[in-house]
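Novice: Quick one: this structure, given as structure tokens, is what I'll be asking you about.
Number of protein chains: 2
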Amino acid sequence: MSQNFTFAIAGTDDTARAGVIETPHGRMSTPVFMPVGTQATVKALTPEDVHDVGAEIILSNTYHLLLRPGLEIIERFGGLHQFMAWEGPILTDSGGFQVFSLGHLRKLSDDGVTFRSHIDGSEHTLTPEFVVEAQECLGSDIAMVLDHCPSYGDDDETIRKSLERTHKWAERSLSAHQRKDQALFGIVQGGWATDLRKESAKFIASLDFSGIAIGGLSVGEPKQIAYQILDETIPHLPTDKPRYLMGVGSPDGLIESIARGIDMFDCTLPTRIARNGGLFTPEGRINLRGARYREQEAPIAKDCDCYTCSKYSSAYLYHLLRSEELLYHRLATIHNLRFVVRLMKQAREAILNGYFAEFAADFLGRYQATNEETRLAQKAKWLAAHRHWAESQGKPR
Amino acid sequence: MSQNFTFAIAGTDDTARAGVIETPHGRMSTPVFMPVGTQATVKALTPEDVHDVGAEIILSNTYHLLLRPGLEIIERFGGLHQFMAWEGPILTDSGGFQVFSLGHLRKLSDDGVTFRSHIDGSEHTLTPEFVVEAQECLGSDIAMVLDHCPSYGDDDETIRKSLERTHKWAERSLSAHQRKDQALFGIVQGGWATDLRKESAKFIASLDFSGIAIGGLSVGEPKQIAYQILDETIPHLPTDKPRYLMGVGSPDGLIESIARGIDMFDCTLPTRIARNGGLFTPEGRINLRGARYREQEAPIAKDCDCYTCSKYSSAYLYHLLRSEELLYHRLATIHNLRFVVRLMKQAREAILNGYFAEFAADFLGRYQATNEETRLAQKAKWLAAHRHWAESQGKPR
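As you go down the protein sequences, you meet chains A and B in turn. Here the working numbering is used: the first residue of the first sequence is 17, the next is one more, and so on. Here the working numbering is used: the first residue of the second sequence is 17, the next is one more, and so on.
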């Protein structure tokens, strides 16, 4: 385990936890939401903007950075922090999710996975060892192992095989990892079978990782199934390591998962929907394209302390969105990130002061979550678009 | 003339002038460059960003605001300043240039000009009186009269007719103007005929405007012709009113025009080319798409004091541009605006301290202006694209 990485629990409330993580680039309080900076930038924001919304750590994607600008460029700058001028902690994912979500563009073996670049069609191979080396080169504070993430709907046999591979890759990743100033997290997989999830949790927990992620959720399954998996997985995880739920970022999903004992989250959802007019309020997500916002002098969310709500009316944001103005993306992104980051801080306060259950009930009672049928349809559409995009881009040129 | 608008000359150096303009929303030092915020936003920047590059006034476009969000929305907010949260001075143009550059989408008479919206095909009529009323509603500090801007290549008869119309419209605009807290500027036209420019300068100078603009240049003519027109026009303008050259924003064009006695400028060029990879340096405009920037650790311009150059390498900007990241637009815009705003401040210092000729010779000797043939071809392409865009958008739906 990394010597420059510590996790301490500051308080618990039933199964919910509040903690502090120390990394070589600073500390963060948990539960924590990590804004996603896929291509070495949180879309539309400067590092100062990210800091100003209260974010304490960002996530960046090994897959994308590997292809562009390329590891050698980032290495020349001494790592990702310097390249993108973000001084706080960074977690890098392994690229596994991206490769597996690209569908037929890959060739899989026990050694690793070969795929074609969505940018220029060039062929690349991810092995557990290479992915560790790549992230050591990026210099992130927290690196993730390469895992095999099954698709929703895969049969039990496929899931079992992928799990065995994931576990072997976890061991190989640990053996390959050398940087003492970088933490390495393992990833629990196992699809939707309780016994496999339990087996995976126990296995990953037995290895010398600095933290443990739960992967393979939020890939198209109903929310209730995901919560059930969490309920059955978390009891088998150690209490003294941070628990990171990958790919969850809806306000209700965050609260439900914190209640079950999750400490860390990342998701493109808050930033992605913001750019398309989807903005968080305590009552639920609004669609800013609605005509009702055309003349609204009030900000998006009453009492919101973000830069956007402090300074601009809904009508102005509506105008920027309708006029396809670049400034819209920034103002909307700031609002949604501040919303989820503040929610994490509120949840932490509630945990430390013993009223998390009331806080969660109050928030979930007021927050109208996206209708589950609509949500699943949107997710399926997004996954399909994602694959289609990769395929259309992936042809050599 | 407006009682809240004053212009004082602080110093001259040969024909170059340094002054101070006071408006209800604050003062600016001249020569001054006005960043363009077409749709109530300087593209990709917040008001804080605009302030931080040193800009003291922005320009916004009546034509665009009229169509979207519509005057009634902005009026509801008490004007454009409040709507877009910019507290400094604003100059609004009259919409004339936009309407005339839209080609066949308009019907012209002595009363005004009727056109179809490029957004929804709806029909609108600009008259001198309506344009004044619209700008009073927007609450800009400086309003412009409606003028008839001929195209480069129009024959003498067409230009003479348009000039007569422009002069009548100038008188009607003055009669219609009521807000005492808003300055109204007249516009000199006259195409490329010395006698018509002289006649127009004398006529507009004889009216009770707070300032005088020179319009109808930078519309596709060679630079030397534009400079010749300035040489023949400016001696007929009063010395005690600010002189505003519309549509010029190339660094060499700014210096050449300041030398001839211009005080104010606006242009989309610095912000528009920035978004496409064209960035200013003291040696000339670079194209950031060039492979030489892929690994360059140095900022875009050595010794540049802008936020972008203070914090980011050329390689990072190159990566953002190549990856089509939103943050690129903001960082590039900040750099180019800071470049021209700083150039104005340096020119002012040179004028006040009596070394403007040396400053200008030094700057122009070092700055490799865009090749004139290339520039004219680019301008023609832009004008054509502009018309084509308007036509493709202008169909009712």
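Note that the Cβ used here is the ideal one computed from N, Cα and C, for glycine as well. Keep in mind the model is a prediction, meaning the values are calculated, not measured.
#1: Name the chain A residues whose beta carbon is nearer than 8 Å to that of I74 of chain B?
#2: Who are the near neighbours of S189 of chain A in its chain, counting only those whose CB is closer than 6 Å to its CB and skipping five residues on each side?
#3: Below 8 Å on the Cβ atoms is my guess for A192 of chain B versus G227 of chain B; work out the distance and round it to an integer in Å.
#4: Taking DSSP's pairing of strands, which residues face L109 of chain A in a bridge?
#5: Ordered along the chain, which non-local residues of its own chain (more than five positions away) have a Cβ less than 6 Å from that of S234 of chain B?
#6: Can you pull out the residues from the region 89 to 104 of chain A whose beta carbon lies closer than 8 Å to at least one beta carbon of chain B?
#7: Confirm, please, whether the CB-CB distance from M17 of chain B to D170 of chain B is below 8 Å.
#8: Would you call the CB atoms of H164 of chain A and A217 of chain A closer than 8 Å?
#9: Anything in the region 316 to 338 of chain A with a Cβ closer than 9 Å to a Cβ of chain B? List those residues in chain order, please.
#10: Starting from Y332 of chain B, follow the alpha helix (DSSP H) in both directions and report where the run begins and ends.
#11: Counting pairs of beta carbons, one from the region 274 to 291 of chain B and one from the region 52 to 71 of chain B, are three or more of them closer than 8 Å?
#12: Does the pairing of the region 261 to 280 of chain A with the region 237 to 252 of chain A give three or more beta-carbon distances under 8 Å?
#13: Quick check: the Cα distance between Y323 of chain A and E64 of chain A, rounded to an integer number of angstroms?
#14: Might you give, ordered along the chain, the residues of its own chain that have their beta carbon closer than 7 Å to the beta carbon of E311 of chain A, omitting 5 neighbours on each side?
#15: When DSSP builds the beta bridges, which residues end up paired with V52 of chain B?
#16: In whole angstroms, what is the alpha-carbon distance linking Q114 of chain B and L399 of chain B?
#17: Let me check one thing: in DSSP terms, what residues is G414 of chain A bridge-paired to?
#18: Please determine if the region 91 to 111 of chain A and the region 384 to 394 of chain A are in contact, where contact requires at least 3 C-beta pairs separated by less than 8 Å.
#19: Let me see if you follow: with CB-CB separation under 8 Å, is R288 of chain B close to chain A or not?
#20: Identify, in the order they occur along the chain, each residue of the same chain with its Cβ nearer than 6 Å to the Cβ of V356 of chain B, setting aside the five sequence neighbours on each side.
#21: Are the CB atoms of G236 of chain A and Y334 of chain A within a distance shorter than 8 Å?
#22: Where D30 of chain B and F372 of chain B are concerned, what is the direct C-alpha to C-alpha distance, given to the nearest angstrom?
#23: Following the continuous alpha helix (DSSP H) through F219 of chain B, name the residue where it begins and the one where it ends.
#24: So that I know if they touch, is there some Cβ in chain B lying closer than 8 Å to that of R181 of chain A?
#25: Give a yes or no on whether the minimum CB-CB distance between H134 of chain B and chain A is below 8 Å.
#26: Within 10 angstroms of the Cβ of H404 of chain A, are there 16 or more other Cβ atoms? Answer buried if so, exposed if not.
#27: Apply the 10 Å Cβ neighbour rule to N352 of chain A and answer buried if 16 or more other Cβ atoms are within range, or exposed otherwise.
#28: From V58 of chain A to V66 of chain A, what does the alpha carbon distance come to, in whole angstroms?
#29: Pull up the DSSP beta-bridge partners for D282 of chain B, would you.
#30: Return helix, strand or coil for E38 of chain A, following the three-state DSSP convention.
#31: Along chain B, which residues have their Cβ under 8 Å away from the Cβ of R310 of chain A?
#32: Any contact between the region 129 to 139 of chain A and the region 174 to 185 of chain A? By contact I mean 3 or more CB pairs, one from each, below 8 Å.
#33: Does DSSP classify L233 of chain B as helix, strand or coil?
#34: What residues from the region 148 to 171 of chain B come within 9 Å of chain A, judged by C-beta to C-beta, listed N to C?
#35: In or out: R354 of chain B buried (at least 16 other Cβ within 10 Å) or exposed?
#36: How is the alpha helix (DSSP H) around G269 of chain A delimited, first residue to last?
Specialist: Reading from the atomic positions:
#1: Numbered from its first residue, the second sequence carries residue 74 of chain B at position 58. Result: empty, since nearest Cβ-Cβ is about 13 Å, beyond 8 Å.
#2: Taking the first residue of the first sequence as 1, we reach residue 189 of chain A at position 173. If we look at S189 of chain A and ignore the five residues flanking it on each side, its Cβ neighbours are P144, V148 and V161.
#3: For the purposes of this step, residue 192 of chain B is identified with residue 176 of the second sequence, where counting begins at 1. For the purposes of this step, residue 227 of chain B is identified with residue 211 of the second sequence, where counting begins at 1. With a Cβ gap of about 17 Å, A192 of chain B and G227 of chain B do not count as contacting.
#4: For this step, residue 109 of chain A is matched to residue 93 along the first sequence. Looking at the sequence provided, one finds Asp at residue 109 of chain A rather than Leu. Answer is A:N77, bridged to D109 of chain A.
#5: Along the second sequence, read from residue 1 onward, the residue named residue 234 of chain B stands at position 218. Non-local beta-carbon contacts of S234 of chain B in its own chain, meaning distances under 6 Å to residues more than five positions away in sequence, involve G263 and V264 in chain order.
#6: Contacts with chain B (Cβ-Cβ distance below 8 Å) from the region 89 to 104 of chain A involve I89, R92, F93, F99, M100 and A101, listed in chain order.
#7: In the second sequence, counting from the first residue as 1, residue 170 of chain B sits at position 154. In the second sequence, counting from the first residue as 1, residue 17 of chain B sits at position 1. Their beta carbons are not under 8 Å apart, which means D170 of chain B does not touch M17 of chain B by this criterion.
#8: Numbered from its first residue, the first sequence carries residue 164 of chain A at position 148. Numbered from its first residue, the first sequence carries residue 217 of chain A at position 201. Not a contact, by the Cβ cut-off of 8 Å.
#9: Cβ contacts with chain B: Y323, K327, Y328, S329, A331, Y332, Y334, H335, L336 and R338.
#10: Numbered from 1 along the second sequence, position 316 holds the residue referred to as residue 332 of chain B. Element bounds for Y332 of chain B: S330 to R338.
#11: Yes, the region 274 to 291 of chain B touches the region 52 to 71 of chain B.
#12: Yes, the region 261 to 280 of chain A is in contact with the region 237 to 252 of chain A.
#13: Translated into positions along the first sequence, residue 323 of chain A becomes position 307. Translated into positions along the first sequence, residue 64 of chain A becomes position 48. Between Y323 of chain A and E64 of chain A, the alpha-carbon positions lie close to 12 Å from each other.
#14: By 1-based counting over the first sequence, the position of residue 311 of chain A is 295. Result list for E311 of chain A: A331, in chain order.
#15: Here residue 52 of chain B corresponds to residue number 36 of the second sequence, with the count starting at 1. According to DSSP, which records beta bridges pairwise, V52 of chain B is partnered with B:L75.
#16: On the second sequence, residue 114 of chain B is found 98 positions in, with the first residue counted as 1. On the second sequence, residue 399 of chain B is found 383 positions in, with the first residue counted as 1. Looking at the backbone, the Cα of Q114 of chain B and that of L399 of chain B are separated by about 11 Å.
#17: Because residue 414 of chain A is not part of the residues shown, which for chain A are 17 to 413, the question remains open.
#18: At 8 Å Cβ cutoff, the stretches do not touch.
#19: Numbered from its first residue, the second sequence carries residue 288 of chain B at position 272. Interface annotation, R288 of chain B: not in contact with chain A, CB-CB separation never under 8 Å.
#20: Position 340 of the second sequence, counted from the first residue, corresponds to residue 356 of chain B. Correct list, in chain order: F49 and P286.
#21: Here residue 334 of chain A corresponds to residue number 318 of the first sequence, with the count starting at 1. Here residue 236 of chain A corresponds to residue number 220 of the first sequence, with the count starting at 1. 8 Å or more divides the Cβ of Y334 of chain A from the Cβ of G236 of chain A.
#22: Sequence index remark: in the second sequence, residue 30 of chain B carries index 14 (1-based). Sequence index remark: in the second sequence, residue 372 of chain B carries index 356 (1-based). In this structure, the alpha-carbon of D30 of chain B lies about 9 Å from that of F372 of chain B.
#23: Residue numbering aside, residue 219 of chain B sits at position 203 when the second sequence is read from its first letter. Run containing F219 of chain B: T210 to S222, per the alpha helix (DSSP H) assignment.
#24: One-based indexing of the first sequence puts residue 181 of chain A at position 165. At a cut-off of 8 Å between beta carbons, R181 of chain A makes no contact with chain B.
#25: On the second sequence, position 118 is the one that residue 134 of chain B refers to. For H134 of chain B, the closest Cβ of chain A is not nearer than 8 Å.
#26: Translated into positions along the first sequence, residue 404 of chain A becomes position 388. With fewer than 16 Cβ atoms within 10 Å of its Cβ, H404 of chain A is classed as exposed.
#27: By 1-based counting over the first sequence, the position of residue 352 of chain A is 336. Looking at its Cβ environment, which holds 16 or more other Cβ atoms inside 10 Å, N352 of chain A is buried.
#28: In the first sequence, the residue the question calls residue 58 of chain A occupies position 42. In the first sequence, the residue the question calls residue 66 of chain A occupies position 50. Between V58 of chain A and V66 of chain A, the C-alpha separation is close to 8 Å.
#29: Numbered from its first residue, the second sequence carries residue 282 of chain B at position 266. B:M50 and B:M262.
#30: For the purposes of this step, residue 38 of chain A is taken as residue 22 along the first sequence, with counting starting at 1. DSSP places E38 of chain A within a strand segment (E or B) once states are collapsed to three.
#31: Locating residue 310 of chain A in the first sequence gives position 294, where the first residue counts as 1. Simply P85 and I89.
#32: Taking 8 Å as the limit for Cβ pairs, the verdict is that the region 174 to 185 of chain A does not touch the region 129 to 139 of chain A.
#33: Your numbering for residue 233 of chain B matches position 217 in the second sequence. If DSSP states are grouped into helix, strand and coil, L233 of chain B belongs with coil.
#34: Those residues of the region 148 to 171 of chain B that come within reach of chain A (Cβ to Cβ, closer than 9 Å) do not exist; the list is empty.
#35: Within the second sequence, the letter at position 338 stands for residue 354 of chain B. R354 of chain B comes out buried.
#36: Mapped onto the first sequence, residue 269 of chain A falls at position 253. Counted as a single uninterrupted DSSP element, the alpha helix (DSSP H) harbouring G269 of chain A occupies residues P267 to A275.
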